[in-house]
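Some notes on the structure that comes next.
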Amino acid sequence: MGTGSEWLESYFAAYSLTTIDACYGSLQLSVPEEPGTTLLLAVAGGQGEAVVEGRSYSLQKGKLLLLPEGSGVSIKSSSNSLLQCYAVGVAPVIQTNKAAGSLQRQSKITSLSKEAYIDAGAKFIEFAQQLYIHRLPVEELRHIKNQLIFHEMLYELLQCLEHSEKGETELWSLEQSVRYMEQQFREKISREQLAAATGISSSHYSVAFKQLTGYSPNHYMTTLRVHHAMELLLQGKETLREVAIKTGYKDEFYLSRRFKQHTGISPSNYAAQFSKRVAVLIPPYASHLMLLGVEPTVSIADSSEYISSSELSVPQTMRLMSDDCSAEQLKRALLESKTELIIASDPSSAHLEFNAERLRIIAPVVTVSWMDMGWKEHFRYIANIVQESERAERWLAEFEREEAAARQLISQTDAMHAVVSIVVIKPQQLLVYGARNAGYVIYHSLGLAPPERIRQQLERHGHKFHSLSIALSELPLFAGDKMLVIVFPDEEGSTAHADSIVQSDIWQSLPAVQNGQAFMLDQNDWIPYNPVSIQYQLRRAVKLFENNCTM
């Protein structure tokens, strides 16, 4: 018998992030048959349905589906609302530093016997989004930050699981019951259910609800459903019966009655009488509308500037709202401007408070995904909604003729045979751009050659590939024969942070720098991503390469 300790330590598992992917639309997913592997499917936007071994789950923003090892899931996106998910793979790490015979405690995360369905909320989605954006860290500092985010995400997940296990039934606040109605209005929800959840009587609930919102619970629910019906009708993809079912009504006849009671017109006449009083929640969509001849009622803006060209009318009544305004300030502006439609973006671009659920009570909200579409798709989608598709196609046809002429001019310069890189210097980041912003004109419109590693990303991700974050030491791998260099100023307007890069030995040794082919460009001239700005960037690119031809 030994004389050492008779005690052995038990321990919990350590975890690793095995996969992180962004998923769009309908798809099939399988979880690897690896012990302890769990797949977290986090819904970032849109709507759809997941089926696991015959069990069906409604998917919408904030929902989380946990899938144990070896399971499979079939995901179907709603036809009117593209489903956007993050798939996060989690697996336990074998710990070799533990004494032989030490007991590993069971993990609630990786020992599931069947799938779990959780309302995770916006914070979890934000974690998944950050992990996806920075999934290929170049610097160790970013790698460590990813580890922190990953474990904070697991902490939040474990809290949700334990809360669910304990069956806790904390009473909602009145505000929480309103949020629930905004998110679940398609379901059958009674005033009595909401009152019970808040712990007050039905009559008291109605009074308190109206004091908070200005509406009775029934009127609030009807407004949400009718506005959602308007969203579907404007997009024109569903039959009236499908619209009814997707808004929570049993058939098209009941929808028609409710719709007409609420608006004074029938659903079939709604699109024809749409007045085009439209607000936008991100600046580029204001540019799309103005090019279509529609002046936004309200536009979220990050500065006092707005798009201007000879083709556009000067806005007369558009109200610019700061991108840090509160939800209540925005709601007030929407009401005062008599906005009848709100065009929003997906979670990656939208202010957290400015989502469809929060604003639908004021007006219908159509979400136009920012990263899932390129600028032409944005333009066509918005044109269809505001019934200006013919005008959009005329403009695009003219632009494509201008692109062809520009390619002909560029073919007579040395740029046609050069590798061109787009390098962006931000206060805390060095980036090489891909398919969007200035990259659209350089690589798509003009057909110029990107660096090999950027070309690979463009082939793999198409218009969704925005940029790669790199270390200064990696820059020679991405530097082309010609370099377009864009410096983003810091919060105080200074560009001094770029000095250490452009004065470094690495920068000075780049062939483009030594040959006078590194061009410092203005952020405002090359970064905006909307039809008018893209057209101007095309003209600037032709002028740049013609004036700096070395042939």
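So in UniProt numbering, the last one in the sequence shown is 551, and the numbering has no gaps at all.
Think of the CB as a built atom: it goes at the ideal place given N, C-alpha and C, for glycine as much as any other residue.
Asked                                                                                                                                                                             : Found
Can you list, in chain order, the residues of its chain with a C-beta nearer than 7 Å to that of residue 542? Leave out the 5 residues immediately preceding and following it.    : 406, 409 and 410
Do residue 16 and residue 92 come within 9 Å of each other at the CB atom, strictly closer than that value?                                                                       : yes
At what residue ranges does the region 496-544 contain a whole run of the alpha helix (DSSP H), taking only runs of 4 or more?                                                    : 499-502, 505-508, 511-514 and 523-526
Candidates 221, 340, 247 and 207: which alpha carbon is nearest residue 554's?                                                                                                    : The structure shown does not extend to residue 554, since the chain is modelled only from 1 to 551, so the question has no answer here.
Return yes when the Cβ of residue 436 is within less than 9 Å of the Cβ of residue 529, no when it is not.                                                                        : yes
Determine the closest residue to residue 368 out of 382, 198, 359 and 175, with distance taken between C-alpha atoms.                                                             : 382
Here's the rule I'm using: 16 or more other beta-carbon atoms within 10 Å means buried, otherwise exposed. How should residue 179 be labelled?                                    : exposed
Measure the alpha-carbon distance for residue 540 versus residue 421 and round it to whole angstroms.                                                                             : 16 Å
Give the DSSP bridge partners of residue 56, in chain order.                                                                                                                      : 51
So, is residue 128 buried or exposed, given that buried needs 16 or more other C-beta atoms within 10 angstroms?                                                                  : buried
Does the beta-carbon distance from residue 75 to residue 51 come in below 9 Å?                                                                                                    : yes
In terms of alpha-carbon separation, which member of 43, 62, 59 and 115 lies closest to residue 72?                                                                               : 115
Out of 398, 132 and 121, which one is the CA nearest neighbour of residue 156?                                                                                                    : 121
Specify, as a first and last residue, the run of the alpha helix (DSSP H) that residue 290 falls within.                                                                          : 283-291
With 16 other CB atoms within 10 Å as the buried threshold, where does residue 288 fall?                                                                                          : buried
Along the chain, which unbroken stretches of the alpha helix (DSSP H) at least 4 residues long are found entirely within the region 360-398?                                      : 375-385
I believe residue 486 touches residue 527 by the beta-carbon criterion, under 8 Å. Please report the beta-carbon distance rounded to the nearest angstrom.                        : 7 Å
By the three-class DSSP mapping on this structure, what secondary structure does residue 74 have?                                                                                 : strand
In three-state terms, what does DSSP make of residue 313?                                                                                                                         : coil
Quick check on residue 431 - is its C-beta less than 9 Å from some C-beta in chain D?                                                                                             : The structure shown contains no chain D, having only a single protein chain.
Would you say the region 472-490 touches the region 421-435, given that touching needs at least three Cβ pairs under 8 Å?                                                         : yes
Are residue 490 and residue 451 closer than 9 Å when you measure CB to CB?                                                                                                        : no
If we count Cβ pairs, one from each stretch, closer than 8 Å, do we get three or more for the region 81-88 versus the region 41-58?                                               : yes
Rounded to the nearest angstrom, what separates residue 313 and residue 370 at their Cα positions?                                                                                : 25 Å
Whole angstroms are fine: how far does the CA of residue 398 sit from the CA of residue 535?                                                                                      : 10 Å
When the Cα atoms are used, what is the spatial distance from residue 243 to residue 229?                                                                                         : 6 Å
Could you say which of 196, 324 and 18 lies nearest to residue 135 if we only look at CA atoms?                                                                                   : 18
Decide if the region 460-471 is in contact with the region 490-502; the criterion is three or more beta carbon pairs, one per stretch, under 8 Å apart.                           : no
Specify the secondary structure class of residue 631 as computed by DSSP and reduced to three states.                                                                             : There is simply no residue 631 to check, as the chain begins at 1 and stops at 551 in what is shown.
Who are the Cβ neighbours of residue 471 in its own chain at under 8 Å, not counting the five residues just before and after it?                                                  : 138, 139 and 430
In angstroms with no decimal places, state the Cα-to-Cα distance between residue 154 and residue 63.                                                                              : 15 Å
Alpha carbon to alpha carbon, how far is residue 372 from residue 414? Give it in angstroms, no decimals.                                                                         : 34 Å
Please check the pair residue 123 and residue 161, which I expect to be a contact at CB under 8 Å, by giving their CB distance rounded to whole angstroms.                        : Rounded, the Cβ-Cβ distance is 15 Å, inconsistent with contact.
Do you know offhand how far residue 195's Cα is from residue 220's?                                                                                                               : 15 Å
Roughly how many angstroms separate the alpha carbons of residue 320 and residue 389, rounded to a whole number?                                                                  : 26 Å
For the region 238-262, which segments carrying the alpha helix (DSSP H) assignment without a break, of at least 4 residues, lie completely within its bounds, in sequence order? : 240-246
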